[in-house]
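What follows is a single structure, written as structure tokens, with notes after it.
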Amino acid sequence: MAEITREQVLSALQNGWATYISRFHKLSPAEQVAFLEKQGYARFADLLAHVVAWWEEGEQVIKSILADPGFKWSGQEVDAFNARAVVKVRDLDEETIVRSFERMRTAWVGLVAGLPAGAFKNKHIANWLHADVVEHLAEHDIP
353 MAEITREQVL
363 SALQNGWATY
373 ISRFHKLSPA
383 EQVAFLEKQG
393 YARFADLLAH
403 VVAWWEEGEQ
413 VIKSILADPG
423 FKWSGQEVDA
433 FNARAVVKVR
443 DLDEETIVRS
453 FERMRTAWVG
463 LVAGLPAGAF
473 KNKHIANWLH
483 ADVVEHLAEH
493 DIP
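Under the working numbering, think of the first position of the sequence shown as 353, with each following residue one higher.
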């Protein structure tokens, strides 16, 4: 089980993820291309859409666990899930995806701030918070 605190998750959302887009845009065009190639995405919008899709999934799972502690997530095949997230936004421009990203990031701040203290002791919720917010940021962090 990942041990995580509200403060760690909020810090990742309000510091790391909140500056993610501006940090990407500070990279030179060549650095942007290299970063996206390393991440496996053709467009920055696709990478953001991938993050948003996992945040949507995580939010739904966490709310389901809170409503029913016996809830079991049915799982996703990661590569297929990521591919569906990109296909879903292929006709959308970056500005639209950025707005979606910011809406979800803000929703996550509210979700995390409003979680009962016991939620951070629930291994399923803690694992989602760690994977979706903290670990995911480390995985896709911008140099």
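For glycine and all other residues, C-beta sits at the position ideal for the given N, C-alpha and C.
Taking only beta-carbon atoms, is D493 less than 7 Å away from chain D?
-> Of the protein chains in the structure, only one exists, and it is not chain D.
Say whether the stretch 429-439 touches the stretch 450-470, bearing in mind that this needs 3 or more beta-carbon pairs closer than 8 Å, one atom from each stretch.
-> Because the criterion of three Cβ pairs below 8 Å is not met, the stretch 429-439 and the stretch 450-470 do not touch.
May I ask which residues mark the beginning and end of the alpha helix (DSSP H) holding Q412?
-> Secondary structure note for Q412: its alpha helix (DSSP H) is the uninterrupted segment F396 to A419.
Are the beta-carbon atoms belonging to V403 and S452 less than 7 Å from one another?
-> No, Cβ-Cβ distance for V403 and S452 is not below 7 Å.
Enumerated in chain order, which unbroken segments of the beta strand (DSSP E) with a length of 3 residues or greater are wholly contained in the stretch 356-388?
-> Counting only runs of 3 or more, we get nothing.
Indicate whether the contact test is met: 3 or more Cβ pairs, each with one atom in the stretch 354-373 and one in the stretch 457-468, closer than 8 Å.
-> Contact between the stretch 354-373 and the stretch 457-468 is present, because at least three Cβ pairs lie under 8 Å.
Cut-off 7 Å between Cβ atoms - residues of its own chain near D487, not counting five sequence neighbours on either side | Reading off the sequence, residue 487 comes out as Glu, not Asp. Take E487, set aside five residues on each side of it, and no residue of its chain has a beta-carbon closer than 7 Å to its own.
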